[in-house]
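So the sequence shown is residues 37 to 507, counted in the numbering used here. Cβ atoms here follow ideal geometry from the backbone N, Cα and C, with glycine treated the same way. Computed from a predicted model, the values in this text were never measured in an experiment.
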Amino acid sequence: MAKNNTQTLRSDALALFGITGDLAYKMIIPALYALVKRGVLTLPIVGVALEPWSAAQLRARVKDSLQRSGWIDDTKALHKLFSLLTYVSGDYTHPETFTAIKKALGDAQRPAHYLAIPPFLFENVIQGLGSAGIAKGARVIVEKPFGRDLPTARELNRVAHAVFPEDSIFRIDHYLGKEAIMNILYFRFANSFLEPIWNRNYISSVQITLAEDFGVKTRGAFYDTVGCLRDVIQNHLFQIVALLAMEPPTRQDPDAVQTEKVKVFRAMRPLAPADVVRGQYTGYRNEPGVAKNSDVETFCALRLFIDSWRWEGVPWYLRSGKNLARSVNEVVVELKPPPQKLFDDSPSASGETNYLRFQLAPHSAIGLAARVKQKGKKFIGDQKELFLIEEEPGEQSPYERLLGDAIAGDRTLFTREDASEAAWAVVDPVLKKHPLSLPYRRGSWGPKEANALIAKDGSWHNPVLELKKNG
Ligand code: BG6
Numbered sequence: 037m038a039k040n041n042t043q044t045l046r047s048d049a050l051a052l053f054g055i056t057g058d059l060a061y062k063m064i065i066p067a068l069y070a071l072v073k074r075g076v077l078t079l080p081i082v083g084v085a086l087e088p089w090s091a092a093q094l095r096a097r098v099k100d101s102l103q104r105s106g107w108i109d110d111t112k113a114l115h116k117l118f119s120l121l122t123y124v125s126g127d128y129t130h131p132e133t134f135t136a137i138k139k140a141l142g143d144a145q146r147p148a149h150y151l152a153i154p155p156f157l158f159e160n161v162i163q164g165l166g167s168a169g170i171a172k173g174a175r176v177i178v179e180k181p182f183g184r185d186l187p188t189a190r191e192l193n194r195v196a197h198a199v200f201p202e203d204s205i206f207r208i209d210h211y212l213g214k215e216a217i218m219n220i221l222y223f224r225f226a227n228s229f230l231e232p233i234w235n236r237n238y239i240s241s242v243q244i245t246l247a248e249d250f251g252v253k254t255r256g257a258f259y260d261t262v263g264c265l266r267d268v269i270q271n272h273l274f275q276i277v278a279l280l281a282m283e284p285p286t287r288q289d290p291d292a293v294q295t296e297k298v299k300v301f302r303a304m305r306p307l308a309p310a311d312v313v314r315g316q317y318t319g320y321r322n323e324p325g326v327a328k329n330s331d332v333e334t335f336c337a338l339r340l341f342i343d344s345w346r347w348e349g350v351p352w353y354l355r356s357g358k359n360l361a362r363s364v365n366e367v368v369v370e371l372k373p374p375p376q377k378l379f380d381d382s383p384s385a386s387g388e389t390n391y392l393r394f395q396l397a398p399h400s401a402i403g404l405a406a407r408v409k410q411k412g413k414k415f416i417g418d419q420k421e422l423f424l425i426e427e428e429p430g431e432q433s434p435y436e437r438l439l440g441d442a443i444a445g446d447r448t449l450f451t452r453e454d455a456s457e458a459a460w461a462v463v464d465p466v467l468k469k470h471p472l473s474l475p476y477r478r479g480s481w482g483p484k485e486a487n488a489l490i491a492k493d494g495s496w497h498n499p500v501l502e503l504k505k506n507g
């Protein structure tokens with residue numbers, strides 16, 4: 037995308053808050069290594085955390101993180117990364133920590149501060165950066181969750197804006213860095229055949245599934261304060277909805293895209309309890325860190341409406357959950373049946389109508405289901421899938437791409453303040469008031485009540501992993 041903004045100067049140093057944490061270990065350190073390996077990251081990196089580690093301990097952790105992701109295939113790049121890295125140990129509530137960071141940043145004029153830390157620490161760190169004078173000319177990269185409801189998101193934005201202007205705040209949603217998700221935007225607006233049918237006249241419903249075949253693993257204590265709606269729906273799935281539902285941006289510019297996404301969030305009808313089914317997998321309450329009487333949802337299905345000219349009356353069904361039958365992320369856009377039932381097997385509204393399917397993970401593929409006549413005299417046929425695209429996974433991981441973009445000042449794949457708040461406004465009513473979580477069996481597709489939610493408009497497509505090629 038064009039970089040039409042004022043913030044396109046490259047950062048000249050990176051301060052990574054939370055370098056000893058889980059996110060840095062699993063995602064950020066491998067991304068830094070990959071950027072160094074490609075020769076695009078040559079700036080000093082100051083790791084910050086509470087642990088009183090030596091440089092040797094930090095290097096051992098970095099090595100361990102890379103070995104875990106199986107990526108030490110370039111020892112020169114590893115040594116380069118080590119040479120860029122220094123470490124500041126300190127408490128985020130102590131001004132001395134920020135004085136030490138300032139010293140470690142040396143003469144950097146435009147540092148990027150990456151907050152890979154629990155959200156309750158954001159405020160301390162942002163204020164610390166401001167007071168130490170290392171926010172000027174800098175940008176701040178913030179991990180989700182950005183708030184836990186509309187009021188806290190607003191408060192967080194207020195705190196951030198006291199120190200950083202909006203165009204220096206980079207809110208990460210790693211889904212936006214995924215190749216298959218970026219392709220939704222491209223596919224929609226680089227082709228002309230889609231637009232005439234991409235509206236309420238031809239589309240009967242849209243459904244999006246983000247299913248995971250594993251539980252909360254070691255994240256029980258965190259997850260039990262969040263739940264599925266906050267963890268992945270308000271952000272990852274809503275971003276996919278926005279890309280599918282938005283109007284074409286007026287130009288190829290990050291702000292033009294954001295503006296169209298905000299319009300989608302603002303047109304979303306705020307959710308009511310009857311639009312939501314919450315579930316919890318059996319045994320969740322015995323997971324480490326989870327309350328014994330927890331009602332937190334590990335599954336959530338919802339029905340959403342976008343009250344706009346294009347989408348009036350089209351239901352959007354979203355669902356996500358842990359410990360479901362398989363790990364898959366897929367969008368199915370169902371088309372209305374032909375107006376005339378010409379053949380004996382012509383689909384009715386509830387039958388096998390045409391659809392467009394975007395599989396986003398584990399494969400990146402787009403399929404178009406169309407009816408084709410069987411051999412013989414009779415005019416009957418089968419639904420076949422025609423593959424429009426099937427791609428290898430992207431060459432860059434989402435974190436590598438997003439970190440590289442933030443350092444370069446490209447805001448295209450980051451969430452703007454108004455988008456984040458508008459998305460919270462949609463889910464806010466059901467964060468306050470919602471039905472109880474219903475139990476579901478591990479390895480199933482969630483509670484059966486989720487089927488009742490969609491029944492009026494069809495049924496959930498439970499995605500198969502092997503993509504059949506018929507076309
Ligand atoms: C994270 C959530 O944001 O996204 C996790 O906190 C979830 O709970 C993950 O598992 C899914 O991301 P991906 O890229 O593995 O689909």
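Evaluate residue i with the Cβ neighbour count: other Cβ atoms within 10 Å of its Cβ, from every protein chain shown; 16 or more gives buried, anything less gives exposed.
i	result
Val98	buried
Lys504	Unreliable placement is indicated for Lys504, whose pLDDT of 47 sits below 50; the coordinate value is still reported in the next sentence. Lys504 is exposed by the Cβ-count criterion.
Arg23	With the chain covering 37 to 507 only, the question about residue 23 has no answer from this structure.
Phe250	exposed
Leu52	buried
Leu246	buried
Asn227	exposed
Leu422	exposed
Ala91	exposed
Lys384	According to the sequence as given, residue 384 is Ser; it is not Lys. By the neighbour-count rule (16 or more Cβ atoms within 10 Å), Ser384 is not buried but exposed.
Thr44	exposed
Ile55	buried
Ala442	buried
His272	buried
Asn40	Any reading at Asn40 needs caution, since the residue's pLDDT is 42, under 50, leaving its predicted position unreliable; the model's value is listed next. Burial call: exposed.
From which residue to which residue does the alpha helix (DSSP H) around residue i run?
i	result
Ser119	Thr111 to Leu120
Gly403	Note, Gly403: premise wrong, no alpha helix (DSSP H); beta strand (DSSP E) at Ser400 to Lys409.
Leu79	Leu79 -> no alpha helix (DSSP H), and no H or E assigned at all.
Asn219	Glu215 to Ala226
Ser167	Phe158 to Ser167
Arg477	Taken as a continuous stretch (DSSP letters only), Arg477 belongs to no alpha helix (DSSP H), as it is neither H nor E.
Ile276	Phe274 to Ala281
Leu340	First-last for Leu340: Phe335 to Phe341, but that is the beta strand (DSSP E), not the alpha helix (DSSP H).
Pro131	Pro131 to Leu141
Phe301	Pro290 to Ala303
Ala461	Glu453 to Lys468
Ala247	Counting along the chain, Ala247 falls outside any alpha helix (DSSP H), though it belongs to the beta strand (DSSP E) covering Ile239 to Ala247.
Could you check the C-alpha separation between residue i and residue j for me, to the nearest Å?
i	j	result
His197	Thr122	28 angstroms
Trp352	Ile244	8 angstroms
Tyr510	Lys420	Given that the chain is displayed from residue 37 to residue 507, the structure contains no residue 510 and the question cannot be resolved.
Lys409	Val463	44 angstroms
Gly106	Ala310	46 angstroms
Ala152	Lys469	31 angstroms
Thr389	Asp127	59 angstroms
Tyr211	Pro434	7 angstroms
Trp496	Gln316	19 angstroms
Pro373	Val277	23 angstroms
Leu265	Phe274	10 angstroms
Val364	Lys138	44 angstroms
Arg314	Ile108	42 angstroms
Leu472	Ala327	15 angstroms
Gly173	Leu424	45 angstroms
Val293	Ser204	17 angstroms
Val84	Leu68	15 angstroms
Ser456	Val368	25 angstroms
Pro88	Ser240	58 angstroms
Val332	Arg194	28 angstroms
Ala113	Val312	48 angstroms
Ile490	Arg355	11 angstroms
Glu348	Phe206	32 angstroms
The beta strand (DSSP E) with residue i in it runs from where to where?
i	result
His197	Not the beta strand (DSSP E): His197 falls in the alpha helix (DSSP H), residues Leu186 to His197.
Asn365	Val364 to Leu371
Ser356	Pro351 to Gly357
Leu396	Tyr391 to Ala397
Phe53	Ala49 to Phe53
Inter-stretch contact at 8 angstroms, needing at least 3 Cβ pairs: the segment 478-494 / the segment 326-343: They touch, by the three-pair rule.
Touching by the beta-carbon criterion (3+ pairs, under 8 angstroms), the segment 142-153 and the segment 47-54: In short, these stretches touch, since the Cβ pair count reaches three.
Inter-stretch contact (C-beta, 8 angstroms, three-pair minimum) for the segment 105-121 and the segment 150-168: In the pairwise beta carbon analysis, the segment 105-121 is classified as not touching the segment 150-168: fewer than three pairs are separated by under 8 angstroms.
The segment 257-267 / the segment 446-455 touching (three or more Cβ pairs under 8 angstroms): Segments in contact, no.
contact_flag[the segment 212-220, the segment 395-411] where n(CB pairs < 8 angstroms) is 3 or more: Yes, the segment 212-220 touches the segment 395-411.
At least 3 beta-carbon pairs within less than 8 angstroms: the segment 288-305 vs the segment 314-329: In the pairwise beta carbon analysis, the segment 288-305 is classified as not touching the segment 314-329: fewer than three pairs are separated by under 8 angstroms.
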